[in-house]
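Asker:
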Amino acid sequence: MMSGKTVIVTGANSGIGKATAAGIVRLQGRVIMACRDPGRAEEAARDIRQEAGADCSQVVVRQLDLASLASVRSFCENIIKEEPRLDVLICNAGVYQCPFTRTEDGFEMQFGVNHLGHFLLTHLLLDLLKRSAPSRIVVVSSKLYKRGDINFEDLNSEQFYDKAFAYSRSKLANLLFTGQLARRLEASGVTVNALTPGIVRTNLGRHVHVPVLAKPLFQLLSRALFKSPEEGAETSVYLASSPEVAGVQGKCFANCRPQLLLDKATDQEVASKLWDISEVMVGIVT
Ligand SMILES: NC(=O)c1ccc[n+]([C@@H]2O[C@H](COP(=O)([O-])OP(=O)(O)OC[C@H]3O[C@@H](n4cnc5c(N)ncnc54)[C@H](OP(=O)(O)O)[C@@H]3O)[C@@H](O)[C@H]2O)c1
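First residue of the sequence shown? That's 0 in numbering that gives the first Met the number 0, and the numbers climb one at a time after it.
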């Protein structure tokens, strides 16, 4: 049960994030849905309240655009002002294989939203999480991290853009970030763990072109083979709530079980270098 606990879920208006928010509310937790489009978020919040019989104070919407560092900063300022405690931060929002675009601050979109936006968000909320300890951070990555590399010489894909590589790189960055943060959080009372949700039927594929004629077949196959959003959210809800993982630090889970990662996702030298560069990119240090 999560009564008395406040949980922030990024990207909570759709897919895995929405199902995660609903799962937390079902456990009596209070959810702050951190979403870029307040209209879509309010609609999702209504669904969640209705399904769980929850009231407006248990499901709250706040605007957050991870493609804007100014938006991340103002979101965190408001949270710190309004919220006496924060028990769980779930870094869930993500963008997948979009055409080359830049965030407001000039970062390649997938690296900017999936990694850098969450990097700054976590940094700015860390004191509140520490004051609320024992508290947890949950990072949603993907098994596609395996196809990524942290190419430090071109993190913004200015020399070359491959949308699939950029997604995989951002998801590898999520895992390196989790490992490095876990080392920094030892004995703080705050834990951080990552997860890979599996293949889930969501809106994530919005930038992937499926030919019109193949669409019915694709939908049929996805219904048969992909997880539902609720199934996709199980490990997020588990890491946010289960006493079984209290104190567990720096692991990556799939289907509610720890999984082994490739060496490139646990490389401490790369993780530390990525951390330092990310701090400069988001303007925490100069
Ligand atoms: N679905 C899968 O098979 C799968 C597999 C592995 C990992 N994942 C990971 O699971 C997470 C959730 O994805 P999903 O499958 O649930 O996809 P989804 O249905 O597309 O949901 C993604 C969420 O992220 C939000 N988002 C995107 N850009 C944002 C921004 N700039 N600022 C704030 N929010 C933003 C979206 O908001 P809008 O609705 O406003 O766009 C949406 O709420 C992602 O991190 C994804 O990488 C998914």
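Think of the CB as a built atom: it goes at the ideal place given N, C-alpha and C, for glycine as much as any other residue.
Quick check: the Cα distance between Cys75 and Val60, rounded to an integer number of angstroms?
Answerer: Those two C-alpha atoms are separated by around 13 Å.
Asker: Which whole-angstrom value describes the C-beta separation of Leu171 and Lys80, a residue pair presumed to lie in contact below a C-beta threshold of 8 Å?
Answerer: Contact doesn't hold; Cβ gap of about 34 Å is too wide.
Asker: Does the beta carbon of Ile15 fall short of 7 Å from some heavy atom of ligand 1?
Answerer: At least one heavy atom of ligand 1 is nearer than 7 Å to the Cβ of Ile15, so yes.
Asker: Per DSSP, what kind of secondary structure is Gln62 in: helix, strand or coil?
Answerer: Three-state result, Gln62: strand.
Asker: Quick check on the DSSP output: the beta strand (DSSP E) that includes Val30 runs from which residue to which?
Answerer: Residues 29-34.
Asker: Inspect the CB distances between the region 270-283 and the region 161-179 and report whether three or more fall short of 8 Å.
Answerer: Yes: the two stretches touch, three or more of their Cβ pairs being nearer than 8 Å.
Asker: Under 8 Å between the Cβ atoms of Arg8 and Ala33?
Answerer: One point to set straight first is that residue 8 is Val, not Arg, in the sequence displayed. Contact flag set, yes.
Asker: Here's the rule I'm using: 16 or more other beta-carbon atoms within 10 Å means buried, otherwise exposed. How should Pro228 be labelled?
Answerer: So Pro228 counts as buried.
Asker: Across which residues does DSSP place Pro242 in a beta bridge pair?
Answerer: In the DSSP output, where bridge partners are listed per residue, Pro242 has none listed.
Asker: Count the other CB atoms, across all protein chains shown, that sit within 10 Å of the CB of Pro196; report buried if there are 16 or more and exposed otherwise.
Answerer: Per the 10 Å Cβ criterion, buried.
Asker: If we call anything under 8 Å between Cβ atoms a contact, is Lys4 one with Arg25?
Answerer: No, Cβ-Cβ distance for Lys4 and Arg25 is not below 8 Å.
Asker: I want to check one thing, is the minimum distance from the CB of Pro98 to the heavy atoms of ligand 1 below 7 Å?
Answerer: No, since every heavy atom of ligand 1 falls outside the 7 Å radius drawn around the Cβ of Pro98.
Asker: DSSP state of Cys251, grouped into three classes?
Answerer: If DSSP states are grouped into helix, strand and coil, Cys251 belongs with the strands.
Asker: Give the DSSP bridge partners of Glu107, in chain order.
Answerer: Glu107 pairs with Arg101.
Asker: Going by C-alpha to C-alpha distance, which of Gly93, Leu220, Arg39, Gly38 sits closest to His117?
Answerer: Looking at the Cα atoms, Gly93 is the closest of the given residues.
Asker: In whole angstroms, what separates the C-alpha of Ala239 from that of Gly10?
Answerer: Cα to Cα, Ala239 sits roughly 16 Å from Gly10.
Asker: Which stretch, first to last residue, makes up the beta strand (DSSP E) that contains Thr9?
Answerer: Where Thr9 is concerned, the enclosing beta strand (DSSP E) stretches over 5-9.
Asker: Quick check: what's the CA-CA separation for Leu88 versus Val236?
Answerer: When rounded, the distance between both Cα atoms is 11 Å.
Asker: With 16 other CB atoms within 10 Å as the buried threshold, where does Leu260 fall?
Answerer: Buried, because 16 or more other Cβ atoms sit within 10 Å of the Cβ of Leu260.
Asker: For Gln27, which residues of its own chain have a beta-carbon under 6 Å away from its beta-carbon, when the five flanking residues on both sides are left out?
Answerer: Only Met0, Met1, Ser2 meet the Cβ criterion.
Asker: Please report the Cβ distance between Arg101 and Leu63, rounded to the nearest whole angstrom; I am assuming they are in contact, meaning their Cβ atoms lie under 8 Å.
Answerer: Actually they do not touch by this definition, with Cβ atoms about 18 Å apart.
Asker: Ligand 1 and Leu171: does any heavy atom of the ligand fall closer than 7 Å to the residue's C-beta?
Answerer: No, since every heavy atom of ligand 1 falls outside the 7 Å radius drawn around the Cβ of Leu171.
Asker: Assuming Ser67 contacts Thr201 (C-beta within less than 8 Å), just tell me the rounded distance between them.
Answerer: No, Ser67 and Thr201 are not in contact; Cβ-Cβ is about 23 Å, not under 8 Å.
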